[in-house]
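Peer 1: Using this note's numbering, you'd call the opening residue of the sequence shown number 6 and step up by one each time.
Ideal Cβ positions, reconstructed from N, Cα and C, are used throughout, including at glycine.
Before we start, here is the structure in question, set down as structure tokens.
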Amino acid sequence: SSAASASGAGASQISGGGGAAADGGAANPLDFPPCQVTVVCGSVLGAVHSTLEQATTMDQSLPAATLYRTARELLDLFRAVVPQRHSEGLAALPRLAALFHNDCLLLAHACHTVCLGYRPKLPAPLHKTASLVDLAPALRSLGEQCLQRQVAAQMVQLDEFNQAVAWIPDDDFESAQVAAGDDAQEALVAGKGGSGSGSGSGEDAVAKCLYHLHHLANLWESVLPPQVYRQVMARLLRRAAQPLLDAVLAASEIAECATHRLHAMLGDLDGAKQALLDAPHATHAEGPAMEHTPGGSGSAFRGGVR
């Protein structure tokens with residue numbers, strides 16, 4: 006399962022009916038948003054349900070309490086083992102980090118609801134006290150930290166693309182452009198000019214950043230929950246655009262010929278914003294259903310194995 010998860014072949018689609026209601030009404034706050042999780046997560050959740058189901062068949066409190074603790078320890082084992090076992094992959098592979106984030110959020114979500122269907126069937130005193138809610142914050146925090154570390158790594162990559170870039174030509178280059186005439190102006194508008202031999206092209210930097218962002222979108226759009234995807238991509242797009250925006254706001258004056266370059270680069274960033282954030286979230290492919298529906302809980306998680 007670990008190899009399948011790392012390659013993405015072990016991912017499953019999970020949808021608890023999250024998002025806006027089909028009739029346009031408000032979404033159920035207990036719904037889990039559509040996303041992909043690993044087979045390992047599904048196995049852990051299934052084992053928790055099976056263990057609690059077995060606990061309900063016990064007439065005495067001691068074996069029922071043992072099984073109840075086992076269900077809790079399954080979640081603790083996931084939290085302790087998986088990040089250590091796949092630490093290198095979680096740091097290096099954006100898609101794997103997103104899947105682990107979703108795994109943690111799904112298990113944290115289940116902690117709030119999974120005992121509801123089993124608690125009334127457990128012997129005393131568990132029929133009043135059994136709960137997994139206290140495990141949810143640690144799982145949620147673990148998943149969010151993993152995704153934030155991956156986002157921070159992608160920001161570092163974007164910063165490298167924007168290093169030593171001459172976003173606005175300086176006065177010396179502008180004087181050379183005026184002296185050279187039309188040929189220099191055409192080169193400037195085409196993005197072939199610069200303010201120094203060590204400066205990079207703004208157009209090249211923007212192109213590299215946007216290529217990188219589209220690559221991340223291909224990895225994350227069908228994996229992350231829609232709201233999380235848009236928040237993450239908005240942060241990264243802003244990070245990519247910030248050096249250009251800062252240069253424009255800090256400039257005391259901008260030559261007319263340079264405005265053509267700036268307009269083109271800002272147009273590219275605006276187009277990327279529409280493509281990455283404004284487009285509808287990717288529709289998950291349908292597949293065989295994987296359900297966890299404890300009796301009386303009212304929760305259902307269905308996923309098509311990809």
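In three-state terms, what does DSSP make of V228?
Peer 2: Taking the first residue of the sequence shown as position 1, residue 228 is located at position 223. The answer is coil: DSSP assigns V228 none of H, G, I, E or B.
Peer 1: Quick one: is R266 buried, meaning 16 or more other Cβ sit within 10 Å of its Cβ, or exposed?
Peer 2: Sequence index remark: in the sequence shown, residue 266 carries index 261 (1-based). Classification of R266: buried, given that the 10 Å Cβ count is 16 or more.
Peer 1: Which same chain residues end up closer than 6 Å to D28 when comparing Cβ atoms and leaving out the 5 residues on each side of it in sequence?
Peer 2: Locating residue 28 in the sequence shown gives position 23, counting from the first residue. Interpretation of D28 is limited by its pLDDT of 42, a score under 50 that renders its predicted location unreliable; the figure taken from the coordinates is listed afterwards. Excluding positions up to five away in sequence, the list is empty.
Peer 1: So the candidates are S92, I173 and V49; which of them puts its Cα closest to the Cα of A76?
Peer 2: As a working mapping, residue 76 is identified with position 71 in the sequence shown. With distances taken between Cα atoms, A76 lies closest to V49.
Peer 1: If V156 sits next to R235, beta carbons under 8 Å apart, how far is it from one beta carbon to the other, in whole angstroms?
Peer 2: Residue 156 sits at position 151 when you count from the first residue of the sequence shown. Residue 235 sits at position 230 when you count from the first residue of the sequence shown. Between R235 and V156 the Cβ distance is about 13 Å, and since that is not below 8 Å, they are no contact.
Peer 1: CA-CA distance, G148 and S55?
Peer 2: Translated into positions along the sequence shown, residue 148 becomes position 143. Translated into positions along the sequence shown, residue 55 becomes position 50. So the two alpha carbons sit approximately 24 Å from each other.
Peer 1: In the structure shown, what three-state DSSP assignment does T56 receive?
Peer 2: As a working mapping, residue 56 is identified with position 51 in the sequence shown. Of the three classes helix, strand and coil, the one that applies to T56 here is helix, per DSSP.
Peer 1: Can you pull the DSSP bridge partners for G205?
Peer 2: Numbered from 1 along the sequence shown, position 200 holds the residue referred to as residue 205. G205 is bridged to V170.
Peer 1: Where does H219 land, buried or exposed, given buried means 16+ other C-beta within 10 angstroms?
Peer 2: In the sequence shown, the residue the question calls residue 219 occupies position 214. Classification of H219: exposed, given that the 10 Å Cβ count is below 16.
Peer 1: Please determine, among V228, V237 and M270, the residue with the shortest C-alpha to C-alpha distance to K213.
Peer 2: Within the sequence shown, residue 213 is the residue found at index 208, counting from 1. Nearest C-alpha to K213: M270.
Peer 1: Could you tell me the alpha carbon to alpha carbon distance between P88 and L152, rounded to whole angstroms?
Peer 2: The sequence position of residue 88 within the sequence shown is 83, counting from 1. The sequence position of residue 152 within the sequence shown is 147, counting from 1. Between P88 and L152, the C-alpha separation is close to 12 Å.
Peer 1: Just how far apart, CA to CA, sit I259 and G205?
Peer 2: The residue labelled residue 259 in the question sits at position 254 within the sequence shown. The residue labelled residue 205 in the question sits at position 200 within the sequence shown. Distance between the alpha carbons of I259 and G205: 18 Å.
Peer 1: When you compare each of L127, L95, A60 and H217 to Q162 by their alpha carbons, which one comes out closest?
Peer 2: Stepping through the sequence shown from its first residue, residue 162 is reached at position 157. When only C-alpha atoms are compared, the closest one is H217.
Peer 1: Tell me the DSSP secondary structure of N107 in three-state form.
Peer 2: Residue 107 sits at position 102 when you count from the first residue of the sequence shown. Reduced to three states, the DSSP call for N107 is helix.
Peer 1: Exposed or buried, G3, counting other C-beta atoms within 10 Å across all chains shown (16 or more means buried)?
Peer 2: Only positions 6 to 311 of the chain appear in the structure, and residue 3 is not among them; the question remains open.
Peer 1: Let me know the alpha helix (DSSP H) ranges lying completely inside the stretch 94-141, each 4 residues or longer, listed in chain order.
Peer 2: Those alpha helix (DSSP H) runs which fall completely within the stretch 94-141 and span 4+ residues are 99-118 and 131-134.
Peer 1: Return helix, strand or coil for S92, following the three-state DSSP convention.
Peer 2: Sequence index remark: in the sequence shown, residue 92 carries index 87 (1-based). In the structure shown, S92 sits in a helix (DSSP, three-state: H, G or I).
Peer 1: So, for S66: in the same chain, excluding its five sequence neighbours on each side, which residues have a beta-carbon less than 8 Å away from its beta-carbon?
Peer 2: As a first step, residue 66 is located in the sequence shown; it is residue number 61 there, counting from the start. The answer, listed in chain order, is P128, A129, P130 and L131.
Peer 1: Please look up how many angstroms separate the CB atoms of C46 and L121, rounded, as I've assumed it's under 8 Å.
Peer 2: The count along the sequence shown starts at 1 and reaches residue 46 at position 41. The count along the sequence shown starts at 1 and reaches residue 121 at position 116. Rounded, the Cβ-Cβ distance is 20 Å, inconsistent with contact.
Peer 1: Here's the rule: buried if 16 or more other CB atoms are within 10 angstroms of the residue's CB, otherwise exposed. What is V211?
Peer 2: Here the question's residue 211 lines up with position 206 in the sequence shown. It is buried - the Cβ of V211 has at least 16 other Cβ atoms within 10 Å.
Peer 1: Short check: CB of T43 to CB of K126, under 9 Å?
Peer 2: For the purposes of this step, residue 43 is taken as residue 38 along the sequence shown, with counting starting at 1. For the purposes of this step, residue 126 is taken as residue 121 along the sequence shown, with counting starting at 1. No. Outside cutoff.
Peer 1: By DSSP, does L35 sit in helix, in strand, or in coil?
Peer 2: As a first step, residue 35 is located in the sequence shown; it is residue number 30 there, counting from the start. Residue state, collapsed to three classes: coil.
Peer 1: Quick one: Cα of Q41 to Cα of P230, how far?
Peer 2: In the sequence shown, counting from the first residue as 1, residue 41 sits at position 36. In the sequence shown, counting from the first residue as 1, residue 230 sits at position 225. For Q41 and P230, the distance between alpha carbons rounds to 8 Å.
Peer 1: Smallest Cα separation from A115: which of L274, L144 and L224?
Peer 2: Taking the first residue of the sequence shown as position 1, residue 115 is located at position 110. Measuring from the Cα of A115, the nearest candidate turns out to be L144.
Peer 1: What separation, rounded to the nearest whole angstrom, lies between the Cα atoms of L224 and F105?
Peer 2: As a working mapping, residue 224 is identified with position 219 in the sequence shown. As a working mapping, residue 105 is identified with position 100 in the sequence shown. Their backbone Cα atoms lie some 14 Å apart in a straight line.
Peer 1: Out of L137, R100, E208 and P142, point me to the one whose CA is closest to V2's CA.
Peer 2: As shown, the chain starts at 6 and ends at 311. That puts residue 2 outside it, with no answer to give.
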